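**Student:**
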């Protein structure tokens, strides 16, 4: 079956750096994405890795190691507004009609404190 | 980025009634849309893949006769929860990738619909 495991909760202080890990086991793999979701809101896209290595987008970076079936999201210079849930997601199928079929991880609740 | 709307944003209904949720792409076309369900403090679970002009593909364990999906055009997909029961109360979210944007893997989500069945 498909499984993507994340820590359920992470707490950090404002200005710090935090890493959210994701280990996956899926039938197919075409890339690892990260999404942020605030309470009651829709998920928003943060980052995507199709190949091994680090992708940097402003304060957010994402890393992938396909041989280890592992990735992480790195958040730097934490701000209070970063308090949210973070989900990794594997693109596990390529659809002939287009679109990206995603399987989402268990989610990590990040709490940023003063 | 792409704009995706959902209507209604929230709905409360009595047990046994049917509820229709619309997912609309406002500024681009999408051959494929996805419907997810999310229970409180849990992850997004894919329910089905909605294909324009053809039948939806349902994930294992999702009843196709209970969750009717119609993808009538390249900008509109609807999810109808038939004979809703309290256990169907959840946050329903649609998403899509603009046609031709498969390489970036960006998926745009609607704002979600909060369904409460009494």
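Protein chains in written order, with the working numbering: chain A, 67 to 180; chain F, 1197 to 1314.
For glycine and all other residues, C-beta sits at the position ideal for the given N, C-alpha and C.
These numbers were taken from a predicted model, which means no experiment stands behind them.
1) Under a three-way DSSP split, which group does residue 1283 (chain F) fall into?
2) Flag this pair as yes or no: are the beta carbons of residue 1275 (chain F) and residue 1263 (chain F) separated by less than 9 Å?
3) Quick one: using the 10 Å Cβ neighbour count with 16 as the cut-off for buried, is residue 94 (chain A) buried or exposed?
4) Could you pull out every residue in the same chain whose Cβ sits closer than 8 Å to the Cβ of residue 80 (chain A), ignoring the five residues on either side in sequence?
5) Across the segment 1250–1259 of chain F and the segment 1202–1210 of chain F, are there enough close Cβ pairs to call them in contact, namely three or more that are closer than 8 Å?
6) Quick check on residue 1306 (chain F) - is its C-beta less than 9 Å from some C-beta in chain A?
7) Tell me which residue opens and which closes the beta strand (DSSP E) that residue 143 (chain A) is part of.
8) Interface residues of chain A around residue 1271 (chain F) at Cβ under 9 Å?
9) What are the residues of the segment 135–158 of chain A that lie near chain F, defined by any Cβ-Cβ distance shorter than 9 Å?
10) Does residue 1279 (chain F) get closer than 9 Å to chain A when you measure Cβ to Cβ?
11) Taking residue 110 (chain A) as the reference, give the member of F:1302, F:1310 and F:1309 with the closest Cα.
12) Interface residues of chain F around residue 108 (chain A) at Cβ under 7 Å?
13) Hey, would you say residue 100 (chain A) sits closer than 9 Å to residue 114 (chain A), going by beta carbons?
14) With a cut-off of 9 Å, does the C-beta of residue 1239 (chain F) fall near any C-beta of chain A?
15) With DSSP collapsed to three states, give me the class of residue 152 (chain A).
16) The beta strand (DSSP E) with residue 78 (chain A) in it runs from where to where?
17) Mind pulling the chain A residues with CB within less than 9 Å of residue 1302 (chain F)?
18) I need the boundaries of the beta strand (DSSP E) containing residue 86 (chain A), first residue and last residue.
19) Going by DSSP, what residue range makes up the beta strand (DSSP E) through residue 69 (chain A)?
20) When burial is assigned at 16 or more other CB atoms within 10 Å of the CB, is residue 117 (chain A) buried or exposed?
21) Just mark residue 1206 (chain F) as buried or exposed, buried being the case when its beta carbon has 16 or more other beta carbons within 10 Å.
22) Please work out which residues of its chain come closer than 8 Å, Cβ to Cβ, to residue 138 (chain A), disregarding the five sequence neighbours upstream and downstream, and give them in chain order.
23) Give, in chain order, every residue of the segment 1206–1223 of chain F whose Cβ lies closer than 9 Å to some Cβ of chain A.
24) Return the Cβ separation of residue 1314 (chain F) and residue 1211 (chain F) in integer angstroms, given the expectation that the two are a contact with Cβ distance under 8 Å.
25) Going along chain A in order, which residues have a C-beta closer than 9 Å to the C-beta of residue 1312 (chain F)?
**Tutor:** Quick look at the numbers:
1) In the structure shown, residue 1283 (chain F) sits in a helix (DSSP, three-state: H, G or I).
2) By the CB criterion at 9 Å, residue 1275 (chain F) and residue 1263 (chain F) fall inside the cutoff.
3) Exposed is the call here.
4) Short of 8 Å from the beta carbon of residue 80 (chain A), and not among the five residues preceding or following it, lie these beta carbons of its own chain, in chain order: 144, 145, 146, 178, 179 and 180.
5) The segment 1250–1259 of chain F, when compared against the segment 1202–1210 of chain F, does not touch it at the 8 Å Cβ threshold.
6) So, interface residue.
7) Residue 143 (chain A) -> no beta strand (DSSP E), and no H or E assigned at all.
8) Within chain A, no residue has its CB atom less than 9 Å from the CB of residue 1271 (chain F), the nearest being about 14 Å off.
9) Those residues of the segment 135–158 of chain A that come within reach of chain F (Cβ to Cβ, closer than 9 Å) are 151, 153, 155 and 157.
10) With 9 Å as the cut-off, residue 1279 (chain F) does not count as an interface residue toward chain A.
11) Nearest option by C-alpha distance: F:1302.
12) Neighbours of residue 108 (chain A) in chain F, taken as residues whose beta carbon is under 7 Å from its own, are 1289, 1305, 1306, 1307 and 1308 in chain order.
13) A contact, by the Cβ cut-off of 9 Å.
14) Yes, contact with chain A.
15) The answer is strand: DSSP assigns residue 152 (chain A) an E or B state.
16) 75–79 is the extent of the beta strand (DSSP E) around residue 78 (chain A).
17) Correct list: 99, 111, 114 and 166.
18) Here the beta strand (DSSP E) through residue 86 (chain A) covers 84–91.
19) Counted as a single uninterrupted DSSP element, the beta strand (DSSP E) harbouring residue 69 (chain A) occupies residues 69–71.
20) When all chains shown are included, residue 117 (chain A) counts as exposed.
21) The Cβ neighbour count for residue 1206 (chain F), taken over all protein chains shown within 10 Å, is under 16; the residue is labelled exposed.
22) The residues are 85, 86, 87, 88, 128 and 129.
23) The residues in question: there are none.
24) Indeed they touch by this definition, with Cβ atoms about 6 Å apart.
25) For residue 1312 (chain F), no chain A residue has a Cβ inside 9 Å of its Cβ, as the nearest lies near 13 Å away.
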